[in-house]
Amino acid sequence: MRNIALLMLFIVVAAPPAWGDPDQEQPHDPMLDAGQIINGFEPKLIDLVPYADPETSFDIGHVIFAYPVPYRNEGDPSPVPLESVVPIAKVMKLVAPDKALKALVNQQLFDKHNFQLEQVELVSLEQIGYRWQAVWSLFPSFGGFSGVPYRYRALVSARGKVIPPELYLYDVYNLSDWKECLCSNLQLNLNPEPMQKKLTERQIEKRGRKTLEKFLRTVKVTPGNQPVKFDFLNCRSLALPMSVNAAGELKSLKVWGVNFKEVQEKDVREVDAEKTEEIFTVWVSEYGVVSELKHFSREW
């Protein structure tokens, strides 16, 4: 990838509240409160979505925004000469964060955040032509320091077509002193078939429980350790803000979380009280699609 032009802009775009009073912190949903990807630890984003382009894909909270590597090979019908590339002003209108995106970020990070435009870059991809990439940094609206800021990236083709990322909802649960972890990752279907039948809460719960039970039988037990066991906790729905309709109203995507608590011996629970509060979520779509479950072992 070769940089053609780099425009640095510093603009603070205030993100309106997702719901309710903008001065109030967003409620912490237990299904989103823990279990995220941590830099330096397995799994990495590429472990959960192997075909994601590591240069442009990212995660915010429990949502992965994955730009598949094949998009590099799906350029415009014919390369666009530099002088014909869509201007930056149009690009910014196409990808400016809307109310739905800001609501989703606030939900995932539990707090109102500002989008600060970091850079807009025109890049050249071999045999395809040009791409615009816009990058925003996210900062808490009411001050404070969140460490390395989350970043949001948007891609636009040379002819002005927004390249949408594929979205995933994931959860990570750490086992045995962080040496192993379980992962749950659901690809979000933003355009379901009109005639698809939605499952009942009971059907969702049954499907999530059966999937975890079957998966745990495949997890190899480290010598000296006991097999991992989970008890069913509850089944709850979650609305993910996804778009804005013509009337300016938020439209959400409903997903279900089938939640479990690890069964631990009494002495372990007493030593690690915080661990006993954590849950592992198996995500299920309204139509019964269950998240992919994976087990990772970490080398120290």
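All residue numbers for the sequence shown refer to this note's numbering, where the first residue is 8 and numbers rise by one.
Glycine included, every Cβ here is placed at the ideal spot set by N, Cα and C.
For Tyr137, count the other beta carbons within 10 Å of its own beta carbon; 16 or more makes it buried, fewer makes it exposed. Which is it? For this step, residue 137 is matched to residue 130 along the sequence shown. The residue in question, Tyr137, is buried, as its Cβ has 16 or more Cβ neighbours within 10 Å.
Among Glu269, Glu200 and Val102, whose alpha-carbon lies nearest the alpha-carbon of Ser183? As a working mapping, residue 183 is identified with position 176 in the sequence shown. Ranked by how close their Cα comes to the Cα of Ser183, the residues Glu269, Glu200 and Val102 have Glu269 in first place.
In the DSSP assignment, the alpha helix (DSSP H) including Lys227 goes from what residue to what residue? As a first step, residue 227 must be located in the sequence shown, where it is residue number 220. Neither: Lys227 is in no alpha helix (DSSP H) and is coded neither H nor E.
Residue of Asp36, Trp185, Val92 and Val155 minimising C-alpha distance to Gln114: Within the sequence shown, numbered from 1, the residue matching residue 114 stands at position 107. Measuring from the Cα of Gln114, the nearest candidate turns out to be Asp36.
DSSP state of Leu268 mapped onto helix, strand, coil: Numbered from its first residue, the sequence shown carries residue 268 at position 261. It is Lys, not Leu, that sits at residue 268 in the sequence shown. Three-state result, Lys268: strand.
Going by the beta-carbon positions, is the gap between Leu129 and Trp143 smaller than 8 Å? As a first step, residue 129 is located in the sequence shown; it is residue number 122 there, counting from the start. As a first step, residue 143 is located in the sequence shown; it is residue number 136 there, counting from the start. In this structure, Trp143 does not lie closer than 8 Å to Leu129 by Cβ.
Could you pull the start and end residues of the beta strand (DSSP E) that Leu206 belongs to? Here residue 206 refers to the residue found at position 199 when the sequence shown is read from its first residue. Taken as a continuous stretch (DSSP letters only), Leu206 belongs to no beta strand (DSSP E), as it is neither H nor E.
With distances taken between CB atoms, is the gap from Val70 to Ser64 smaller than 8 Å? The residue labelled residue 70 in the question sits at position 63 within the sequence shown. The residue labelled residue 64 in the question sits at position 57 within the sequence shown. No, these two residues do not count as a Cβ contact at 8 Å.
Cut-off 6 Å between Cβ atoms - residues of its own chain near Tyr159, not counting five sequence neighbours on either side: Counting from one through the sequence shown, the residue named residue 159 turns up at place 152. Within the same chain, and ignoring the five residues on either side of Tyr159 in sequence, the residues whose Cβ sits closer than 6 Å to its Cβ are Trp143.
Spatial neighbours of Gln210 in its chain, beta-carbon cut-off 8 Å, leaving aside the 5 residues before and after: Translated into the one-based positions of the sequence shown, residue 210 becomes position 203. The beta carbon of Gln210 lies closer than 8 Å to those of Gly295 in the same chain, with the five residues before and after it left out.
Relative to the C-alpha of Thr288, which candidate in Pro147, Lys109, Leu240 and Trp139 has its C-alpha closest? Against the sequence shown, residue 288 aligns to sequence position 281. Minimum Cα distance to Thr288 is reached at Leu240.
Collapsed DSSP secondary structure at Met249 in the structure displayed: As a position in the sequence shown, residue 249 is number 242, starting the count at 1. Shown here, Met249 sits in a strand according to DSSP, grouped into three states.
Could you tell me whether the stretch 163–170 touches the stretch 250–266, where touching means 3 or more Cβ pairs closer than 8 Å? Contact between the stretch 163–170 and the stretch 250–266 is absent: fewer than 3 CB-CB pairs across the two stretches fall below 8 Å.
Ranges of the alpha helix (DSSP H) found wholly within the stretch 39–87, counting only runs of at least 4: Along the stretch 39–87, the alpha helix (DSSP H) occurs as fully enclosed runs of 4 or more residues at 52–55, listed in sequence order.
Among Met99, Asp60 and Lys106, which residue has its Cα nearest to the Cα of Asn252? For the purposes of this step, residue 252 is identified with residue 245 of the sequence shown, where counting begins at 1. Comparing Cα positions, the closest option is Lys106.
Excluding sequence positions up to five away, which residues of its chain have a Cβ less than 6 Å from the Cβ of Phe72? Here the question's residue 72 lines up with position 65 in the sequence shown. Excluding five sequence positions before and after Phe72, the CB atoms of its chain that fall closer than 6 Å to its own CB belong to Phe65 and Pro172, given in chain order.
Using only the alpha-carbon positions, how far apart do Asp7 and Glu306 sit? Nothing about residue 7 can be read from this structure; the chain reaches only from 8 to 307.
Taking the alpha carbon of Glu284 as the point to measure from, which residue in Leu162, Cys188, Met202 and Tyr180 has its own alpha carbon closest? By one-based count along the sequence shown, residue 284 stands at place 277. Of the listed residues, the one whose Cα sits closest to Glu284 is Tyr180.
What is the DSSP secondary structure of Ile286, reduced to helix, strand or coil? Reading the sequence shown from its first residue, position 279 is the one you call residue 286. For Ile286, the three-state secondary structure derived from DSSP is coil.
How is Phe146 classed by DSSP in three states: helix, strand or coil? Within the sequence shown, numbered from 1, the residue matching residue 146 stands at position 139. Note: Phe146 maps to strand in three-state DSSP.
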